[in-house]
Each structure stands twice: as C-alpha cells, then as structure tokens.
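Here's the structure, in structure tokens; my notes come after.
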Amino acid sequence: MADQFSLFGAPPEETDIPCLAPAAPGFRCELFFAVQPEQEDAERISAQAEAVRQALNLYGGSVVSAPRLHISLHGLGRYDAAPKELLARALDAAARVRLAPFEVAFDQLMSFGRPDAKTDAYPLVLTESVPDPGLLALHQRLGMALADAGIPVELPFHPHMTLSRHGKHVPSQPQAPMRWTARRFVLIWSHLGKTRYERAGDWLLTA
9 MADQFSLFGA PPEETDIPCL APAAPGFRCE LFFAVQPEQE DAERISAQAE
59 AVRQALNLYG GSVVSAPRLH ISLHGLGRYD AAPKELLARA LDAAARVRLA
109 PFEVAFDQLM SFGRPDAKTD AYPLVLTESV PDPGLLALHQ RLGMALADAG
159 IPVELPFHPH MTLSRHGKHV PSQPQAPMRW TARRFVLIWS HLGKTRYERA
209 GDWLLTA
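Offset between the sequence shown (1-based) and my numbering: plus 8.
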C-alpha cells in the first residue's frame, strides 16, 4: 500500500490526499475502485486479446491498452474536479480491507449490449462461467468498508474486463482461460474521453 495513505484508520490529512488533475473542458472524470493486473500479466492479456480479435476478424475499433486493463469493483461517481472529502473517506475505507492475493481465470468472451443496438462500440469483454470467490470477497469487503464510511456501494457485481470496442457483436462463447494473480486493488481517476488514468490509491492485497 502506498505509504501516503492511512494505515490505522484515521482519515488522511488534506495534504496527504493525492493531487488529481481536473477534467478537461467539456469532459468529466470518473472515480472508481478496480483490480488491475501487474504489468507483466497485463501485457500478456493484451497480447492474448489481440490474437482473439484477429481470430474473430475484429479490426479497427478502440483497444484498451495494457496499462488500462481492469476489473471495476465500485464506482464513486463522475466529477469535474476531485471531491476531496469523498477521496479522504474512500482512502480510509480501502486501507481497512484485508484479503489474500487470489487467482482470476476469465473463461468466457462476449460483447455487452443488444445485437441489434446499431452501435460501432460494442464492448468486447472477458468474464467468468463461474463467479470467482476472490473477486466476490474483495467486492463485498470493500463495499462494507465503504458503506461504513457513508459511501453508497454498487450491487450486484458482474466481474468482467473490457478488452476493446467494435461495431461487431460477439455472442457469449467459451474462451481458453486467461489466468493471473490479483495482488492489488486501486482507486482510479479516469479522464473520460481521454483514455487517461491516474491512480489515486493503490493497496497490496494481504490477509
């Protein structure tokens, strides 16, 4: 866990809250918790995803780069500038979560959205045939910590990782498992429309 964040439950001082860039004019930023693979795993998943797209004749569209691959856990809303009070409570809540690292194995591939939606941006996602106990436990424990801090949480939870967006809809189908070990969860400040992430918090998973 980054050492500027609370270790013992006391809310961070204002000077300890990360400095996050405001949204660009005409855009907003989204604040959310997520699980991100380590760099080596992310690069491997990205390469496997490219092979899958080629096999499915999915060309063009927008691809999620390896550093931005993630599994969303809880969203905290969209803002023009970072909400300092919410950030302080979210950082404190996350510091209270304890869970050992766990394996993730996505074995299903599909597009989100209706096949007749007439869009050029169907999200192509990895998901699971059987819900992963580790992801479910992290979502639950983080959600409880956020609720205790007075922050609304998202239910239900459908773990997935978005790989890219295309004009072609891909029906749900089995996929050779993409495996990796989740070792951390993060708080992301996403600049919508700019494909830019800032990490507002980073916590190693530990029992």
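Glycine included, every Cβ here is placed at the ideal spot set by N, Cα and C. These numbers come from a predicted model, not from an experiment.
query, result
"Assigned secondary structure, Q116 (DSSP; H/G/I helix, E/B strand, else coil)", "strand"
"Cβ neighbours of L28 in the same chain (closer than 7 Å, five flanking residues each side left out)", "A90, W197, E206, A208"
"Residue nearest to L163 in terms of C-alpha spacing, selected from M152, T170, V72", "M152"
"Straight-line gap, R106 to P33 (C-alpha atoms, nearest Å)", "38 Å"
"Three-state secondary structure assigned by DSSP to P182", "strand"
"Three CB pairs or more closer than 8 Å across the region 92 to 103 and the region 170 to 188", "no"
"Entirely enclosed alpha helix (DSSP H) segments - the region 81 to 150, minimum 4 residues", "92 to 103"
"Cα-Cα separation, A113 to Q183", "10 Å"
"Y87 versus P160: straight-line alpha-carbon distance, rounded", "16 Å"
"Own chain residues within Cβ distance below 7 Å of V72, not counting five before or after", "T170, L171, S172"
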